[in-house]
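> Mind having a look at this structure? Questions to follow.
Protein chains in written order, with my numbering: chain A, 259 to 501; chain B, 259 to 501.
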């Protein structure tokens with residue numbers, strides 16, 4: 259399983275993913291699920307992946323290779339061409355359909371070939387945008403009314419976001435909430451695992467440099483988890499019991 | 259959807275259920291999902307239901323009717339006969355299979371006929387016990403190593419239990435944690451709804467009298483939800499943001 263989270267704020271994007279891949283409990287690996295597809299001074303595009311690992315790697319690799327500086331212009335996954343993030347989402351959906359058309363009938367007898375993605379970024383001329391690409395290749399966009407999107411094992415980490423995240427949350431606070439959302443998921447589901455990759459993209463920065471990786475022994479993340487657990491226990495203990 | 263929770267502690271049982279039944283978003287009703295099947299001075303047996311409402315009502319009604327004081331002795335769902343809660347779980351599983359055998363092939367074209375249950379209680383001569391009956395009619399039992407069981411929409415309400423509930427938690431605190439677990443689920447999933455029925459069964463009490471119903475405007479539950487939301491926001495705000 260996987261947990262990926264994207265948050266769209268007026269001040270920028272916060273994107274985060276875990277790193278566990280498993281095909282059964284005896285085949286567990288760490289993989290990178292957050293990739294920067296393109297980062298130049300006029301577009302930054304990031305993708306987060308959930309689902310069949312062969313499918314997601316095919317899609318992400320094909321998009322990356324078609325979007326490199328020296329790749330031929332105008333191939334299907336070329337993300338240098340789109341004028342908007344909406345067109346980027348269309349291109350990702352198309353690439354997913356292409357991979358499914360190529361592989362699905364061979365893979366299905368062995369397991370589910372499907373995959374889904376979060377795609378976030380900014381192209382000069384528009385604000386940052388965030389999309390969720392479904393297994394069918396269609397997609398929805400985050401908005402002021404629903405400012406976060408999740409894929410994979412989404413439920414354990416949703417209550418903290420429903421409670422504490424709003425459009426007015428600044429990016430540092432949103433990054434903290436993202437890590438707390440992952441903390442809840444890590445505690446309740448073994449199929450989601452460290453490290454967490456976390457990208458903060460400030461609006462109009464056109465930089466993907468603020469990408470942090472939180473390992474088990476990261477001092478900040480350890481202290482955050484410890485302080486949250488301790489504070490939550492104190493909070494719960496302090497509330498009155500039912501009459 | 260549904261959320262039902264059972265907690266087994268050395269000091270007794272805490273059982274709780276929501277009350278929403280829905281077949282699509284335009285057919286929503288309040289139903290009771292926590293029923294006392296038998297309460298005498300030598301056995302208290304409670305059941306909590308999730309899944310197809312026609313199936314769960316058939317199973318629960320058949321068990322109740324077969325277990326009444328004036329029912330003929332020894333019919334399949336007669337819960338006066340079992341010497342242990344294990345035998346009660348077997349009888350509930352059998353009744354579920356009987357109902358499925360009777361109805362499933364007619365119901366399946368229209369929707370999923372399956373159902374699952376939590377069964378908790380105490381029979382004189384043994385300690386309180388708690389079982390989860392799967393759709394297949396087989397079951398597992400709660401133990402000191404996994405002291406709570408959930409059915410239905412289980413994920414949103416699991417993190418708070420994973421964090422704060424332990425064997426040493428007393429029953430009043432466990433009841434509070436159960437309500438906080440429901441609070442998280444109510445906030446994140448529309449298909450789980452108030453009121454909450456909450457039964458506290460103290461070990462060796464042989465009484466099902468401590469059954470409370472928490473409605474939307476219950477002063478204790480409102481205050482609990484408010485204080486928890488406020489405390490959690492303060493806690494999160496007080497934690498340091500990522501470097």
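Even for Gly, the Cβ is constructed at its ideal location relative to N, Cα and C.
Report buried or exposed for residue 425 of chain B, applying the criterion of at least 16 other Cβ atoms within 10 angstroms of its Cβ.
exposed
> In angstroms, rounded to a whole number, what distance separates the CA positions of residue 339 of chain A and residue 396 of chain A?
Between residue 339 of chain A and residue 396 of chain A, the C-alpha separation is close to 20 Å.
> Please give me, in chain order, every unbroken run of the beta strand (DSSP E) with length at least 3 that falls completely inside the region 378 to 444 of chain B.
Counting whole runs of 3 or more residues, the region 378 to 444 of chain B contains the beta strand (DSSP E) stretches 387 to 391, 397 to 399 and 406 to 410.
> Taking residue 377 of chain B as the reference, which of B:356, B:291 and B:477 has the closest Cα?
B:291
> Between the Cα of residue 315 of chain B and the Cα atoms of B:286, B:371 and B:300, which residue gives the shortest distance?
Residue 315 of chain B has its Cα closest to that of B:371, out of B:286, B:371 and B:300.
> Could you give the distance in angstroms between the alpha-carbon of residue 402 of chain A and the alpha-carbon of residue 393 of chain B?
Within the model, the alpha-carbon separation for residue 402 of chain A versus residue 393 of chain B is close to 41 Å.
> Might you give, ordered along the chain, the residues of its own chain that have their beta carbon closer than 7 Å to the beta carbon of residue 332 of chain A, omitting 5 neighbours on each side?
So the qualifying residues of the chain are 339.
> Taking CB distances under 9 Å as the criterion, tell me whether residue 438 of chain B reaches chain A.
yes
> DSSP has residue 471 of chain A in a bridge; who is on the other side?
Secondary-structure assignment with DSSP links residue 471 of chain A through a beta bridge to A:455.
> Any idea which residues DSSP pairs residue 278 of chain B with across the strands?
B:288
> Does the separation of the CB atoms of residue 438 of chain B and residue 494 of chain A fall below 9 Å?
Closer than 9 Å, so yes.
> Terminal residues of the continuous beta strand (DSSP E) containing residue 308 of chain B?
301 to 309
> Using a Cβ cut-off of 9 Å (strictly closer), state whether residue 433 of chain A contacts chain B.
yes
> From residue 262 of chain B to residue 454 of chain B, what does the alpha carbon distance come to, in whole angstroms?
9 Å
> Quick check: is the beta carbon of residue 408 of chain B nearer than 9 Å to any beta carbon in chain A?
no
> Near residue 300 of chain A, what residues of its chain come up, given a Cβ to Cβ distance below 8 Å and the 5 sequence neighbours on each side ignored?
381, 382 and 464
> State whether the region 352 to 364 of chain A contacts the region 316 to 336 of chain A, with contact taken as three or more CB pairs (one from each stretch) at a distance under 8 Å.
yes
> Under three-state DSSP, which class holds residue 464 of chain A?
coil
> Would residue 273 of chain B pass as an interface residue toward chain A - the criterion being a Cβ-Cβ separation below 9 Å?
no
> What residues in the region 442 to 475 of chain A bring their beta carbon closer than 9 Å to a beta carbon of chain B?
442, 443, 445, 446, 447, 456, 458, 470 and 472
> Evaluate contact between the region 471 to 482 of chain A and the region 302 to 312 of chain A, counting only Cβ atoms and requiring at least three cross-stretch pairs below 8 Å.
no
> Please report the residue range of the alpha helix (DSSP H) in which residue 337 of chain A lies.
From DSSP, residue 337 of chain A is part of no alpha helix (DSSP H); its letter is neither H nor E.
> From what residue to what residue does the beta strand (DSSP E) around residue 264 of chain A run?
261 to 267
> Quick check: the Cα distance between residue 489 of chain B and residue 447 of chain A, rounded to an integer number of angstroms?
25 Å
> Check distances from the C-beta atoms of the region 411 to 430 of chain A to those of chain B and list, in chain order, the residues that come in under 7 Å.
413, 414, 416, 417, 420, 421, 422 and 430
> What does the alpha-carbon distance come out to for the pair residue 366 of chain A and residue 474 of chain B?
When rounded, the distance between both Cα atoms is 47 Å.
> Are any of the Cβ atoms in chain A nearer than 9 Å to that of residue 398 of chain B?
no
> Could you tell me which chain B residues have their CB closer than 9 Å to the CB of residue 501 of chain A, listed as they occur along the chain?
470 and 478
> Around the C-beta of residue 317 of chain A, are 16 or more other C-beta atoms found within 10 angstroms, so that it is buried, or is it exposed?
buried
> Which residue's Cα is closest to the Cα of residue 486 of chain A: A:472, A:442, A:411 and A:501?
A:442
> For residue 422 of chain A, count neighbouring C-beta atoms within 10 Å of its own C-beta (all shown protein chains included) and say buried if the count is 16 or more, exposed if not.
buried
> Please name the residues in the region 477 to 496 of chain A whose beta-carbon is closer than 7 Å to at least one beta-carbon of chain B, in chain order.
478, 482, 485, 486, 487, 489, 490, 491, 493 and 494
> Short of 6 Å in beta carbon distance, which residues of its chain neighbour residue 287 of chain B, apart from the five on each side in sequence? Order them along the chain.
Cβ neighbours of residue 287 of chain B within its own chain (closer than 6 Å, five residues either side excluded): 279.
> Of the choices A:384, A:284, A:500 and A:289, whose alpha-carbon is the least far from that of residue 344 of chain A?
A:384
> Does DSSP classify residue 329 of chain A as helix, strand or coil?
DSSP places residue 329 of chain A in coil when its eight states are reduced to three.
> Rounded to whole angstroms, what is the Cα-Cα separation between residue 445 of chain B and residue 420 of chain A?
So the two alpha carbons sit approximately 7 Å from each other.
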